[in-house]
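Respectively, the protein sequence lines represent chains E, F, P and Y.
For the first sequence, position 305 (counting from the first letter as 1) is numbered 465 according to the numbering used here, and the numbering increases by one without interruption.
For the second sequence, position 384 (counting from the first letter as 1) is numbered 387 according to the numbering used here, and the numbering increases by one without interruption.
For the third sequence, position 8 (counting from the first letter as 1) is numbered 108 according to the numbering used here, and the numbering increases by one without interruption.
For the fourth sequence, position 125 (counting from the first letter as 1) is numbered 167 according to the numbering used here, and the numbering increases by one without interruption.
We put the CB at the ideal spot given by N, CA and C, even for glycine.
For reference, the structure is listed below as structure tokens.
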Amino acid sequence: MFSGYSMSELGAIFAMQGFAGLILFSVFVLMALGLAIIFGQMGVINMAHGEFMILGAYVTYMVSHVFQTWLPGLFGLYFFVAMILAFIAAGLLGMAVEWAMIRHLYKRPLDTLLATWGLSLILQQIYRSVFGAREVGVTIPDWMMGSLPLTDLIEIPINGIFVMVLTVAISAAVYVMMFRSRWGQQVRAINQNRVMAGAVGIDTERTDRLTFGIGCGVAGVAGAAFTMIGSTGPTSGQLYIVDTFLVVVFGGAASLLGTIASAFTISQAQSIMEFFLSGSMAKVLTLLAVVGILMLRPQGLFALKLRK
Amino acid sequence: MSDNKKTPANPLKSGPNRRAVLAGGAALTASLFTPKFLRAQDFPTAAVNTTGLAVTDDTVTIGILHSITGTMAISETGSVQAEKLAIEQINAQGGILGRKIEFIQEDGASDWPTFAEKARKLLVNDKVASVMGCWTSASRKAVLPVFEQNNGMLYYPTFYEGLEQSPNVIYTGQEATQQIIAGLDWVNRTKGAKSFYLLGSDYIWPRTSNKIARKHIENFMEGCEVVGEEYYPLGHTQFNSVINKIRLKKPDVIYAIVVGGSNVAFYKQLKAAGIDMTKEAPLLLTISVTEDEIRGIGGENIEGAYACMKYFQSLKNENNRAFVAAFKEMWGDDMVIGDVTQAAYLGPWLWKAAVEKAGSFDVDKVREASPGIELPTAPEGYVKIHENHHLWSKTRVGRAQADGQYEVVYETEDLVEPNPFPEGYQ
Amino acid sequence: MNALANPNFVLMVEGLTVSFDGFKAVNDLSFYVEPNECRVIIGPNGAGKTTVLDLICGRTRATSGKIAFKGQDLTQMREDQIVHAGVGRKFQNPSVYEDLTVFENLEISYPRGYSVLGALVFRRDAEVTARIREIAGMIFLDDMLDERAAILSHGQKQWLEIGMLLIQDPELLMLDEPVAGMSVAERRKTAELLNRIIADRSVIVIEHDMGFVADIATRVTVLHQGKMLSEGSMAHVQADPKVVEVYLGH
Amino acid sequence: MKKQRLFELDEALGFALLAAVIFVLFPAILDDFRLNLFGKYLTYAFVAVGLVLCWGAGGILSLGQGVFFGLGGYCMAMFLKLEASTPENTAIQSTPGIPDFMDWNQITALPIWWQPFHSLGFTILAILAVPAIFAFILGTAMFRRRVGGVYFAIITQAVAAIMTILVIGQQGYTGGVNGITDLRTLLGWDIRPDSAKVTLYFVNGILLFACLFVAQAVRKSKAGRILIAMRTAEDRVRFSGYDVASFKVFVFCLGAAFASIGGAMFTLQVGFMSPTLVGIVPSIEMVIFCAVGGRMSLLGAVYGALLVNWAKTTFSESFPELWLLGLGGLFIAVVMAFPNGLAGLYQDFVRPHLGFLHRERARAPAADQSPAE
């Protein structure tokens, strides 16, 4: 398939395909980070993760309208406001859900799965009632929708760079929170031994709620960012859920580093296969490979071998 | 943001702005249609309804069967709205054979077995005289045996892949050859396009349409070739790889039949990757993006792309102006109307014309009367039902504007004959 | 000498090592258990006592080393195969089936119908019932056969689990802290029970209660940080200065 | 110590009551259309019964039961489609005699793996064997490596996603999104008229009872008790000499075969099979049927499937926009407030008033404890 192209063309294509893979990688990390926090640290399966993301997208949509109406001069910057508000909105909803539902189910992880699935249906219907059944069009500031021509052949999409920068920033923030802050210490303590953590004076209820809220908040930011590349509709969240879970499980649930590594592996595999095969087959083969590897290595790529 | 608020939760209650709608309907009627005020007593129920349909002395009941929940609700909402508008307008004119139309709305819930179940319910339990409904081919295929077995009448609004001709369905949208061939010829003739990259969501309509496109390009268009053909799963949201492949192949035309949520992702990523469609290098031609879809994609992201279908909201004729005005009166100013919405609007009117021609609600008589039915009042212009139950219609090419509307740049001179089983394209 | 084939020992452990992410929980451990011997393993917390039992019964896989039971290499066998070979193991925390009755708990351990098909066609015949009654008598639960195991006291659960092992009549019985958490009365009854059941089989016991150890042990192995610190009779071990240092220093 | 019986008195009465409801009550009070709908609901009950064994008894939650339902459904649909695709019926095609969707996809000869489905015998065998073999491979791979709980759930969910994409993507062989439609006769017997649907309803009911009896027999055998034992103390079972994985594989295969029978009956009753029955959403909905009925109770699962689907039809006829809220609320309510579903409500509120039925039983059976996790 490469006959008839010059070396520079091929080089450019491979560079751009590599970049496409990196964008996909960033998207996967963004999708999965929130879930990795919730699933990895709390053992809760949040099937409504996609709906929390879409909440972030709808917040972005509303903020864009507010700016268009009242602050047209600052429209180019609304996206940053939208992401902060998306984090807050999704985070608060997450904390409310934790309080009302999840905290009663910590000992029954499979039941959290069913309950949060129910939640996702309810959220979908609420979105549909509030925002309509149709997709909404989120207007992205012009500066974010262009591309940077590097050479004649290589063009780098700015929104791709934006997603990557955002991914790095959020990953770094999560890392700092998990491994450098008191909260992170408490979360990890609770993850290892809930009873003991409570006994040494950690407010496990508050920490749980905060953790769940932060996980959902990160999902909200991801949703806000995805308005640049995807659709915003009541059921759009479901598009992400399987990929997201596979990334987290493949990485080894308890490990944030594992999540990032698995996002990298899956995205590169999919991106390379997409280039050589048809899109549908690439997807099937990627999923098959992930499931196959998980069967051979159920603890995921980066799980620690623990003494039981 | 507010269209759903305007959707009446209970279909039997009328929507808002009833008076305005009636006025709109009346305007349409007055300007375009010579109303024949038919009185019910001239058509005794026993005579016009010999098969036990839900027809009384002053009402006739039909069904509306679309998804209002699930993933397809995004697309089907417009069809429901258009069908309700047509029913309101027909009732404002005095109904059909002096009988007001009442309707029972069922939710197919984007689930094909549910469509079949609801279709059965409408035909068997509710005995509706006809059904306006379905959107995806899969839902139509699911209900088709139900309609054939129970002898119902379905008005199906979507442009689709063809390869079907049921005595129990009137296809008010275009079949694939009607929609595809004129557009390909046009882009070759006026833009000099020689190489095509075919892209689609992975299911039967894009695959069949691309098959027809490929056959046409390879067999009937001199010196033209297909340089790539690619399918992505429904709901796929990452298109950077295919965009790179397109760059590599440098086609003159990207022929895109992406649907649903994937559409939004595809056009946003295309724009972000620096492929400016207004430069038309490559040119993008689609048959799957109506004004409805542009709302989700954002006009600024698809500006400059060409779409090939039979109807655009911006069509400049009296019928369409009245239709658009009435539609916005009923459902709100921020509504847009796409090809399928317009085709759905034709359904009740075509049925009315056939019933009146037959002088009966009986499905067999309506079917017999249907071929040859003309509708000069159609927003898209004159249409006529073909022997094969599809519509003769013109095909048009529109260029997407930043405001989300299409500017019509081409329309076929004559009506294009529907040809659901095209020779030479199999 | 091929230690694996030596018929004088029921169990041989040689050079046994297991590491978790570099941490060697058991380090180059060797010991031998003779027929009808009661071996008690003692040692401070974290010495690797439970891990040794896990390794023998197949719950944890050895990094290196050999474990042979009557000439069979246990390191290559599945847990259930090890059980069939004649090794029984009781867990530290009583592990019984709380949703089932005492009778059903014992019945599941009855050594017949191990395969799926066998379990489907298994019939509760007179022989099974008689044997379960006999064991229930031994473990002081003969009047509780129809109770759900969930309502048993901690001590009764320990007995039940011991009973579930007894019904299989293993040649090597491994008990992890069988009297932990028991009342004085229960403890006395348990000692009596253990003394009865260790009579005609080899037993490995992990225990902290030195009085209890002295009561039952044939030989004692002292573990410290995964390694063998001392081995011999109770008196020998108690006199060993290394052992004294570990325990006093602890 | 009691004698082992297949049925306790109250269980026997429960079975008899369900039989009365399915075989007498419904046909008596429902018109043909509704009866056909309930027949469709009953096909989901097969899946729910299988899930009671896997999830309720064995603690294995599969979110991929739709795959097995679909495999059974597609096997049956392939047979029916071949029967419907006679050269006379398909004369209009470029290659007469093959299914219409193959012709649309330029396939000119029947694929080799479709050939055996000309035979009803082979088809019935395939309906039972294909899902069981698939479940065996999947289960062996996972249970041997001790994948369980949440991981198993997510992996089976991914399998459902893969299956859907595959079926849709290979539309020349599977009919794609549309599925396999326009099925007409079974060995010349027209399955479309109402009279045929009524017959199929009874066949369906009889098969469901056959599955219920098998499930009851498994539960009452030592294997059933081992499953319960595994749920609370898996290691203890393992160190009592059982190969735990093989028991899990067994119930998983059994559940898969039940689901598959349900799928085949679905195809017969509804007249087509499509990938919407295979994917993630239907798979999770099938779990909720089971949860509503009570994950421990075989009969509860049947009532759960009937109740949820009946509610779905009724609500979506009257309040389509509220239906999702209702369904979502049902999920949450069942998990939070009624973890044992209908069967739990029966145990707590009805059974105490029926003391005479179970006087001989000393204590309540295992079903009233909280769900295992």
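Among the residues facing chain Y, Pro394(E) is not included, as its CB has no counterpart in that chain under 7 Å away. The continuous beta strand (DSSP E) containing Thr64(F) extends over residues 62 to 69.
Using a Cβ-Cβ cut-off of 8 Å, Phe75(Y) is close to Arg123, Lys124, Val127, Asn128 of chain F, given in chain order. Around the Cβ of Asp368(E), a 10 Å sphere holds 16 or more other Cβ atoms; the residue is buried.
Using a Cβ-Cβ cut-off of 9 Å, Val260(Y) is close to Leu220 of chain P, given in chain order.
For Thr364(E), the closest C-alpha among the options Arg342(E), Gly377(E), Ala385(E) is that of Arg342(E).
When DSSP reads this structure, Cys311(F) sits in a beta bridge with Val400(F).
Scanning the segment 258 to 303 of chain E for uninterrupted alpha helix (DSSP H) segments of 4 residues or longer gives 269 to 291, listed from N- to C-terminal end. Glu321(F) is classed as exposed because its beta carbon has fewer than 16 other beta carbons within 10 Å across all chains shown. Counting along the chain, Gln256(P) sits inside the alpha helix (DSSP H) bounded by residues 254 to 266. The C-beta distance from Ala423(E) to Val444(E) rounds to 19 Å, too long to meet the 8 Å contact threshold. In the DSSP secondary-structure assignment, Ile306(P) is bridged to Ile141(P), Asp276(P). Interface residue (Cβ-Cβ distance to chain F less than 7 Å): Ser431(E) is classified as such. Shown here, Ala125(P) sits in a strand according to DSSP, grouped into three states. Interface criterion not met: the Cβ of Asn52(F) is under 7 Å from no Cβ in chain E.
Note that the segment 179 to 196 of chain F touches the segment 252 to 264 of chain F; at least 3 beta-carbon pairs, one per stretch, sit closer than 8 Å. In the DSSP assignment, Tyr158(F) falls within the unbroken beta strand (DSSP E) covering 157 to 159. Annotated three-state conformation of His393(F) is strand, per DSSP. Among the CB atoms of chain F, none fall inside 7 Å of the CB of Thr446(E).
Looking at the DSSP output, Tyr83(Y) bridges to nothing. Under the 7 Å criterion on CB atoms, Thr318(Y) is classed as interfacial with respect to chain F.
The segment 184 to 199 of chain P and the segment 218 to 235 of chain Y do not touch, with fewer than three beta-carbon pairs separated by less than 8 Å. Contact with chain E is found for Met184(Y), since one of that chain's Cβ atoms lies less than 7 Å from the residue's Cβ. Not flagged as an interface residue toward chain F: Phe227(E), since no C-beta distance is shorter than 7 Å.
Annotated three-state conformation of His324(P) is strand, per DSSP.
Per DSSP, the continuous alpha helix (DSSP H) segment holding Met356(E) begins and ends at 354 to 359. Judged by DSSP secondary structure, Pro309(E) falls within the beta strand (DSSP E) whose first and last residues are 307 to 309.
Under DSSP, Trp231(Y) forms a beta bridge with Leu228(Y). Under the DSSP definition of a beta bridge, Tyr174(F) partners with Tyr159(F), His393(F).
According to DSSP, Ala168(P) shares a beta bridge with Met112(P), Asp173(P). Setting aside the 5 residues that flank it on each side, Met184(Y) is surrounded in the same chain by Phe194, Ile197, each with a C-beta closer than 7 Å to its C-beta; the list follows chain order. In the DSSP annotation of this structure, the continuous segment of the beta strand (DSSP E) that includes Arg189(P) starts and ends at 187 to 190. Under the Cβ criterion of 7 Å, Ile374(Y) is counted among the residues facing chain E. At least one beta carbon of chain F lies nearer than 7 Å to the beta carbon of Ser438(E).
Taking the beta carbon of Leu184(E) as reference, the chain F residues within 8 Å of it are Gln241, Asn243, listed in sequence order. The beta-carbon separation of Ala384(E) and Thr220(E), rounded to 4 Å, stays under the 8 Å limit for a contact.
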